[in-house]
Amino acid sequence: MSNQSLEDALEAIEREAAVVVRASAAVHTEAKRVRAAAASGQLRALRQSLETLTRLAEQTAVTAREVQSGWAFDEHAYFASGGYTAEVMALAAGQGLSVFASDERMLSYPAVVSLSASDASVLIDKVKDRRVRPSVLVRTLKALQARPPKFKAEVFLEALATAYRLVVASSGVRAGATVKLLDVYHVLTVLPGSAKEYSRQELARDLYLLDQSGVTTTRDGRVLALPASALTRDAGVLRTVTRSGQDKVYAGISFEGGRS
186 MSNQSLEDAL
196 EAIEREAAVV
206 VRASAAVHTE
216 AKRVRAAAAS
226 GQLRALRQSL
236 ETLTRLAEQT
246 AVTAREVQSG
256 WAFDEHAYFA
266 SGGYTAEVMA
276 LAAGQGLSVF
286 ASDERMLSYP
296 AVVSLSASDA
306 SVLIDKVKDR
316 RVRPSVLVRT
326 LKALQARPPK
336 FKAEVFLEAL
346 ATAYRLVVAS
356 SGVRAGATVK
366 LLDVYHVLTV
376 LPGSAKEYSR
386 QELARDLYLL
396 DQSGVTTTRD
406 GRVLALPASA
416 LTRDAGVLRT
426 VTRSGQDKVY
436 AGISFEGGRS
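What the sequence shown shows, in our numbering, is residues 186 to 445, in sequence order.
This is the structure:
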């Protein structure tokens with residue numbers, strides 16, 4: 186595969202396609218002349234226009250085939266190699282948008298983007314988008330950042346509290362103790378295949394959104410804490426990117442108080 190970026194390859198094919206568009210317009214114009222000559226019975230003009238139409242159509246077909254043969258970009262290899270991610274990150278940085286790579290995903294507050302090399306598409310928060318031109322994706326991410334995130338803080342908090350209770354019960358630690366967020370994640374994704382549906386990056390993003398919401402107390406009065414502790418030195422931490430583009434690390438979680 187060449188060292189050409191996807192953005193440059195698409196820009197080149199866009200220019201070449203514009204030539205075909207102009208040629209097709211000429212074919213269309215000449216076809217209208219043929220129709221007009223036939224409608225009025227101008228036989229000499231009809232023969233001349235038919236010859237011109239045939240010549241223009243053949244030239245247009247040749248140009249279209251040249252454009253087709255000129256597209257040799259291997260998008261599947263580019264996705265799989267990490268080239269696409271690197272290109273998007275570099276383009277985003279040039280426009281003041283922070284994008285980070287994390288386990289074959291891209292994080293750009295508040296979105297989590299995963300790639301599908303098999304069908305050359307991206308999933309932005311699980312919504313498939315086949316518009317993979319890097320500049321288009323960056324514009325989409327910037328637009329998402331400008332809108333308030335769709336996030337139900339209370340519902341997410343209750344789910345965390347339930348998962349936390351199960352971790353505490355299975356590990357034998359006291360209620361209110363800090364446990365690893367990865368253990369809570371494993372409870373949240375216990376069903377087969379659910380880890381693919383809800384990634385660690387999405388959990389970290391949701392924790393940050395919960396942090397920003399200020400919602401910390403469950404319906405039964407337990408108060409959430411996300412302590413920064415020695416757990417952050419472990420390999421199993423969760424990372425996301427903040428609104429300002431900073432790396433944010435989460436490791437432990439606890440719920441204290443509440444009704445028994």
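We treat Cβ as the ideally placed atom computed from N, Cα and C, and that holds for glycine.
Compute the Euclidean distance between the alpha carbons of residue i and residue j, then round it to the nearest angstrom.
i: Ala249; j: Ser209; result: 10 Å
i: Gly442; j: Ser356; result: 19 Å
i: Ser306; j: Val317; result: 6 Å
i: Gln253; j: Ala302; result: 21 Å
i: Val369; j: Arg324; result: 34 Å
i: Arg229; j: Lys217; result: 15 Å
i: Leu292; j: Thr403; result: 28 Å
i: Ala223; j: Val321; result: 46 Å
i: Ala286; j: Leu409; result: 29 Å
Return the residue from the list the options that minimises the CA-CA distance to residue i.
i: Pro333; options: Leu345, Ser306 and Tyr294; result: Tyr294
i: Ser234; options: Arg220, Ala278 and Glu343; result: Arg220
i: Ala277; options: His371, Ala230, Glu192 and Lys365; result: Glu192
i: Val422; options: Arg385, Ala216 and Ser429; result: Arg385
i: Asp396; options: Thr347, Arg240 and Phe336; result: Phe336
i: Thr270; options: Glu251, Val298, Gly279 and Gly255; result: Val298
i: Asn188; options: Asp259, Glu215, Ser287 and Glu236; result: Asp259
i: Asp432; options: Val284, Ala380 and Arg315; result: Val284
i: Val400; options: Val426, Glu343 and Leu300; result: Glu343
i: Asp304; options: Arg315, Ser287 and Gly279; result: Arg315
Determine the burial state of residue i: buried for a count of at least 16 other Cβ atoms within 10 Å of its Cβ, exposed for fewer.
i: Ser225; result: exposed
i: Glu196; result: exposed
i: Pro412; result: exposed
i: Met186; result: With a pLDDT of only 45 at Met186, under 50, the local geometry of the prediction cannot be trusted, and no value is derived from it.
Against chain D, with Cβ distances strictly below 8 Å, would residue i count as a contact?
i: Val352; result: Judged by its chain identifiers, the structure shown contains no chain D, having just a single protein chain.
Checklist entry - Are the segment 374–393 and the segment 431–441 in contact at 8 Å, needing three or more beta carbon pairs? => result yes
Checklist entry - How do the segment 237–253 and the segment 263–274 stand: do at least 3 beta-carbon pairs fall below 8 Å, yes or no? => result no
Next on the checklist: Can you confirm whether the segment 368–383 touches the segment 338–355 when touching is taken to mean that 3 or more C-beta pairs between the two stretches lie within less than 8 Å?
Outcome noted: yes
Checklist entry - Which runs of the beta strand (DSSP E) fall wholly inside the segment 304–381 and span at least 3 residues, in chain order? => result 306–309 and 312–314
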